[in-house]
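K.L.:
Next up, the structure:
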């Protein structure tokens, strides 16, 4: 059976209710995601096995995100618990002729704290047949690019 490894940054989406703008709203909804997490959830919906390699903070928010992934049948065995932040993005849904807007807050997030020297690349790729990452992952930081390079070398 195929197993897909996905590498990317977990993000929390915060959206004002009722298509309000952020500066007009005090009530929001929150959603766990990020490109690779969303793909892994979709794959699970098609009974396709997936594993996410990333980092989450070792705090209640990180543990809640980890629980969310496990509930969605995502293999979390290669997730590093490090750093203090999860990336956020704020989505203002468009209304009428007003376009939607997105604002990102991704500086100093946990994915930047992965220690390449402590990685067990063989364990990360155990039982994996395919590897996926998206273009934004390359642009996160030099340290993330270095980790991605190690993963690509192993995936070859």
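Numbering (the UniProt record's numbering), first residue to last: 1 to 156. Every residue, glycine too, gets a C-beta built ideally from N, C-alpha and C. Being a predicted model, the structure only gives us computed values, none of them experimental.
#1: DSSP beta-bridge partners for residue 3?
#2: Please name the residue, chosen from 129, 141, 71, that lies closest to residue 109 on a Cα-to-Cα basis.
#3: For residue 91, which residues of its own chain have a beta-carbon under 7 angstroms away from its beta-carbon, when the five flanking residues on both sides are left out?
#4: In chain order, what residues of the same chain lie with their CB nearer than 8 angstroms to the CB of residue 160, ignoring the 5 residues before and after it?
#5: Grouping DSSP H, G and I as helix and E and B as strand, with all else coil, what is residue 39?
#6: Per the DSSP calculation, residue 15 is bridged to which residue(s)?
#7: With DSSP as the reference, please indicate the residues paired to residue 87 in a beta bridge.
#8: Suppose the cutoff is 7 angstroms on Cβ atoms and the five residues either side in sequence are ignored; what does the same chain contact list for residue 203 look like?
#9: For residue 145, does the three-state DSSP call read helix, strand or coil?
#10: Assign residue 78 to buried or exposed, taking buried as 16 or more other Cβ atoms, counted over all protein chains shown, within 10 Å of its Cβ.
#11: Using the C-alpha atoms, what's the distance from residue 17 back to residue 37?
#12: What is the rounded straight-line gap between the Cα of residue 49 and the Cα of residue 144?
#13: Given a cut-off of 9 angstroms, decide if residue 52 and residue 157 are closer than it, judged by their beta-carbon atoms.
P.N.:
The structure says:
#1: 49
#2: 141
#3: 13, 15, 100, 102
#4: Because the chain is modelled from 1 through 156, residue 160 falls outside the range shown and cannot be assessed.
#5: helix
#6: 29
#7: 11
#8: Any question about residue 203 goes unanswered here, given that the chain covers just 1 to 156.
#9: helix
#10: buried
#11: 23 angstroms
#12: 24 angstroms
#13: With the chain running from 1 to 156 in the structure shown, residue 157 is simply not present.
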